[in-house]
């Protein structure tokens with residue numbers, strides 16, 4: 201009996217960890233009223249000090 205309960209405890213712990221770590225996709229902002237730094241700020245990387253774009257506009261460098 202203890203072996204079965206340990207098995208289910210591990211299954212429940214793994215399922216809980218997976219559900220806890222699951223993050224959905226970031227919402228797309230169609231109206232684009234916010235700057236791109238606002239989107240980066242939502243991911244929790246800290247306060248943004250500086251933002252720079254590549255010459256072609258395809259990439260952004262963020263200093264937090």
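Residue numbers (my numbering): 201 to 264. Using N, Cα and C, we set each Cβ at its ideal position, and we do this for glycine too.
Could you give the first and the last residue of the continuous beta strand (DSSP E) run that contains residue 250? 250 to 253
Through-space distance from residue 209 to residue 219, alpha-carbon basis: 15 Å
Using a Cβ-Cβ distance cut-off of 8 Å, determine whether residue 220 contacts chain D. Among the chains in the structure shown there is no chain D, since it carries only a single protein chain.
Give me the Cβ distance between residue 260 and residue 253, rounded to the nearest whole Å; I'm assuming they're in contact under 8 Å. 5 Å
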